[in-house]
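Chemist: Protein chains in written order, with the numbering used here: chain A, 1 to 382; chain B, 1 to 87. Mind having a look at this structure? Questions to follow.
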């Protein structure tokens, strides 16, 4: 059986950054990245830009195939890990090969949730996670297309912006009574809906899809939404099955240093459910580019022997809908026992919503208030 | 720039020196990954766009790593001859 110094499961920004940080810091051992995608690292953040035709599709790539051997990083593309024996330190791959490791980094990210309404299997729907997904969306959405978007999260907003950019007619189907009930106060939700409507997107709240048919979708209240295309953005889940007893509530369990409970194992990126030392030890999973990159970097240093808590305030931003520039700092979700402290700075436009847990600020949403980023970050860290 | 220590790049073995950094504000989405890696070089401004604090804020390899971490490839690096080093 082959044995390597560092085995990295996942070829996204977390896994790739871990490998490069290890190498850049003088790590000399053999490094192997296993990735279920068939491509070198690309930016998922750039996929909507490519779909809209703002950049050519090949511009989404951040690495070339030859970037890896230049840094003595081996890649096994198109393969995944199906089981890990932590005692023997052996990972089993989808093609049956077993690889023994001294150190293991799990950075598998998260996968889009299955859409399992009746009829979904019979009719193709658009997704937006992979390079192939983006190519399919670019080809399918044309001027005049009628697009039903299922889900109002980050991907739903991206689909809405794509429809607007391409001259398609979009109907956004939001399950809740208003936008993002798990995160937004009513004031921010109202601005988001109004920004979408101003951009030309039809928004339907309380819209649960009961059935998919050739002519469109049927909602649970019997309403038929006629459309040519259905786009799905209903969230992601971490593939936990291969990783046995590391399964947590929202991801694979890691401590404040991103170490798993088994020796020589670290977890980084969207798949990590970690103890966030920056937020008073709150356990959560975070899915965004900057967090994945920063955690990959942290684990890369851990592979070199550094042992320190991960101390980066998670932050993300979206501004694809005109009039709705959103910055998210820390944990913004309406988690158990937390409360919201919303401050309207400018009616219907500029709002800051703090998330508070046990008297401590753990998150902030800034709507059209980027100038308050430093102040809000300091409140969370302080 | 005279006291900046040149760092060899892995690919070429030649020392990397960055003489110019350009941030494309249209491409920048404010993800702030550059600030995470090279905070002495990049910070976010009041419009949630990255700006250049100081050219010599971090060493060349760190600046290159920061540019490479940008999810929209909004950071352009040039060497002393004016050649684009990244992207």
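C-beta atoms are modelled at their ideal positions from N, C-alpha and C, and glycine is treated no differently. The model shown is predicted, which means the values in this text are computed figures rather than measured ones.
(1) Tell whether a beta-carbon distance below 9 angstroms holds between residue 91/A and residue 15/A.
(2) Beta-carbon within less than 8 angstroms of residue 352/A's beta-carbon, same chain only, minus the 5 sequence neighbours each way: which residues are those?
(3) Closest by CA to residue 320/A, which one among 197/A, 162/A, 233/A and 280/A?
(4) Jot down the residue ranges of each uninterrupted beta strand (DSSP E) in the segment 284–319 of chain A, minimum 3 residues, whole runs only, in chain order.
(5) Quick check: the Cα distance between residue 5/A and residue 105/A, rounded to an integer number of angstroms?
(6) Might you give, ordered along the chain, the residues of its own chain that have their beta carbon closer than 7 angstroms to the beta carbon of residue 53/B, omitting 5 neighbours on each side?
(7) Suppose the cutoff is 8 angstroms on Cβ atoms and the five residues either side in sequence are ignored; what does the same chain contact list for residue 76/A look like?
(8) Using only the alpha-carbon positions, how far apart do residue 156/A and residue 234/A sit?
(9) In whole angstroms, what separates the C-alpha of residue 23/B from that of residue 41/A?
(10) Would the segment 255–269 of chain A count as touching the segment 292–305 of chain A if we require 3 or more Cβ pairs under 8 angstroms?
(11) What residues in its chain sit with their C-beta under 7 angstroms from that of residue 103/A, if we drop five residues either side in the sequence?
(12) Output, in chain order, the set of chain A residues within a Cβ distance shorter than 8 angstroms of residue 30/B.
(13) Considering only their Cβ atoms, is the gap separating residue 178/A from residue 190/A smaller than 9 angstroms?
(14) Does the beta carbon of residue 84/B sit closer than 9 angstroms to a beta carbon anywhere in chain A?
(15) Just by C-beta distance, which residues in the segment 343–354 of chain A are closer than 7 angstroms to chain B?
(16) Check the Cβ of residue 289/A against every Cβ in chain B and list those closer than 8 angstroms, keeping chain order.
(17) Terminal residues of the continuous beta strand (DSSP E) containing residue 83/A?
(18) According to DSSP, simplified to helix, strand and coil, what is residue 204/A?
(19) Cβ of residue 81/B less than 9 angstroms from any chain A Cβ?
(20) Do we get a CB-CB distance below 9 angstroms when we pair residue 37/B with the residues of chain A?
(21) Is it the case that the Cβ atoms of residue 248/A and residue 283/A are separated by a distance below 9 angstroms?
(22) Just to confirm, are residue 266/A and residue 100/A a CB contact at a threshold of 9 angstroms?
(23) Anyone know if the C-beta pair for residue 318/A and residue 154/A falls short of 9 angstroms?
(24) Going by C-alpha to C-alpha distance, which of 20/A, 330/A and 61/A sits closest to residue 383/A?
(25) Using alpha carbons as the reference points, say which of 126/A, 168/A, 83/A and 174/A lies closest to residue 145/A.
(26) Does any C-beta atom of chain B lie closer than 9 angstroms to the C-beta of residue 250/A?
(27) Would you say residue 76/A reaches chain D, if we count a Cβ-Cβ gap shorter than 9 angstroms as a contact?
(28) If you check the beta carbons only, do residue 130/A and residue 37/A fall under 9 angstroms apart?
(29) Please list, in chain order, all residues of the same chain as residue 27/B whose beta carbon is under 6 angstroms from its beta carbon, the five residues on each side excluded.
(30) Going by beta carbon distance, what residues of the same chain come within less than 7 angstroms of residue 290/A, once the five residues before and after it are set aside?
(31) First and last residue of the beta strand (DSSP E) that includes residue 338/A?
(32) Specify the secondary structure class of residue 38/B as computed by DSSP and reduced to three states.
(33) So the alpha helix (DSSP H) residue 16/A belongs to, where does it begin and stop?
(34) What's the C-alpha gap between residue 232/A and residue 137/A?
Modeler: The structure says:
(1) For the purposes of this step, residue 91/A is taken as residue 91 along the first chain, with counting starting at 1. For the purposes of this step, residue 15/A is taken as residue 15 along the first chain, with counting starting at 1. No.
(2) Residue 352/A sits at position 352 when you count from the first residue of the first chain. The residues are 342, 343, 345, 364, 365, 366, 367, 369, 372 and 376.
(3) As a first step, residue 320/A must be located in the first chain, where it is residue number 320. Nearest option by C-alpha distance: 162/A.
(4) With a minimum length of 3 residues, the continuous beta strand (DSSP E) runs that stay inside the segment 284–319 of chain A are 315–318.
(5) As a first step, residue 5/A must be located in the first chain, where it is residue number 5. As a first step, residue 105/A must be located in the first chain, where it is residue number 105. About 11 angstroms.
(6) Along the second chain, one-based indexing puts residue 53/B at 53. Apart from the 5 residues on each side of it in sequence, residue 53/B sits with its Cβ closer than 7 angstroms to the Cβ of 40, 41, 42 and 43 in its chain, given in chain order.
(7) In the first chain, counting from the first residue as 1, residue 76/A sits at position 76. Only residues of its own chain outside the window of five on either side were considered, and among them 32, 33, 34, 35 and 93 have a CB closer than 8 angstroms to the CB of residue 76/A, listed in chain order.
(8) As a first step, residue 156/A must be located in the first chain, where it is residue number 156. As a first step, residue 234/A must be located in the first chain, where it is residue number 234. Cα-Cα distance, rounded: 8 angstroms.
(9) Reading the second chain from its first residue, position 23 is the one you call residue 23/B. Reading the first chain from its first residue, position 41 is the one you call residue 41/A. As the crow flies, the alpha-carbon of residue 23/B is around 22 angstroms from that of residue 41/A.
(10) Contact between the segment 255–269 of chain A and the segment 292–305 of chain A is present: 3 or more CB-CB pairs across the two stretches fall below 8 angstroms.
(11) As a position in the first chain, residue 103/A is number 103, starting the count at 1. Taking C-beta separations shorter than 7 angstroms and ignoring five residues to either side along the sequence, the partners of residue 103/A in its chain run 5, 6, 264 and 303, following chain order.
(12) As a working note, residue 30/B is residue 30 in the second chain. Here the neighbours are 317, 319, 327 and 370.
(13) Translated into the one-based positions of the first chain, residue 190/A becomes position 190. Translated into the one-based positions of the first chain, residue 178/A becomes position 178. By the CB criterion at 9 angstroms, residue 190/A and residue 178/A fall inside the cutoff.
(14) Here residue 84/B refers to the residue found at position 84 when the second chain is read from its first residue. Chain A contact via Cβ: absent.
(15) Flagged: no residues at all.
(16) On the first chain, residue 289/A is found 289 positions in, with the first residue counted as 1. The answer, in chain order, is 31, 33 and 71.
(17) Along the first chain, one-based indexing puts residue 83/A at 83. Boundaries of the beta strand (DSSP E) around residue 83/A: 81–85.
(18) Indexing the first chain from 1 puts residue 204/A at position 204. The answer is strand: DSSP assigns residue 204/A an E or B state.
(19) Taking the second chain and counting its residues from 1, one reaches residue 81/B at position 81. No, residue 81/B does not count as interfacial toward chain A.
(20) Translated into the one-based positions of the second chain, residue 37/B becomes position 37. Answer yes: the Cβ-Cβ gap between residue 37/B and chain A drops below 9 angstroms somewhere.
(21) Counting from 1 along the first chain, the entry for residue 248/A is found at position 248. Counting from 1 along the first chain, the entry for residue 283/A is found at position 283. Yes, these two residues count as a Cβ contact at 9 angstroms.
(22) Residue 266/A sits at position 266 when you count from the first residue of the first chain. Residue 100/A sits at position 100 when you count from the first residue of the first chain. Taking 9 angstroms as the Cβ cut-off, residue 266/A and residue 100/A do not qualify as a contacting pair.
(23) Walking along the first chain from the start, residue 318/A turns up at place 318. Walking along the first chain from the start, residue 154/A turns up at place 154. Cβ distance < 9 angstroms, so residue 318/A and residue 154/A count as in contact.
(24) Given that chain A is displayed from residue 1 to residue 382, the structure contains no residue 383/A and the question cannot be resolved.
(25) Taking the first chain and counting its residues from 1, the one referred to as residue 145/A is at position 145. Comparing C-alpha distances from residue 145/A to each of 126/A, 168/A, 83/A and 174/A shows the shortest one belongs to 168/A.
(26) Residue 250/A sits at position 250 when you count from the first residue of the first chain. Closer than 9 angstroms: no.
(27) Of the chains in the structure shown, none is chain D; the protein chains are A and B.
(28) Translated into the one-based positions of the first chain, residue 130/A becomes position 130. Translated into the one-based positions of the first chain, residue 37/A becomes position 37. Taking 9 angstroms as the Cβ cut-off, residue 130/A and residue 37/A qualify as a contacting pair.
(29) On the second chain, residue 27/B is found 27 positions in, with the first residue counted as 1. Result list for residue 27/B: 72 and 74, in chain order.
(30) Along the first chain, read from residue 1 onward, the residue named residue 290/A stands at position 290. Excluding five sequence positions before and after residue 290/A, the CB atoms of its chain that fall closer than 7 angstroms to its own CB belong to 315 and 316, given in chain order.
(31) In the first chain, residue 338/A corresponds to position 338, counting from 1. Annotation for residue 338/A: no beta strand (DSSP E) segment contains it, and DSSP assigns it neither H nor E.
(32) Here the question's residue 38/B lines up with position 38 in the second chain. DSSP places residue 38/B in coil when its eight states are reduced to three.
(33) As a first step, residue 16/A must be located in the first chain, where it is residue number 16. Where residue 16/A is concerned, the enclosing alpha helix (DSSP H) stretches over 13–24.
(34) Here residue 232/A refers to the residue found at position 232 when the first chain is read from its first residue. Here residue 137/A refers to the residue found at position 137 when the first chain is read from its first residue. Between the C-alpha atoms of residue 232/A and residue 137/A there is a straight-line separation of about 11 angstroms.
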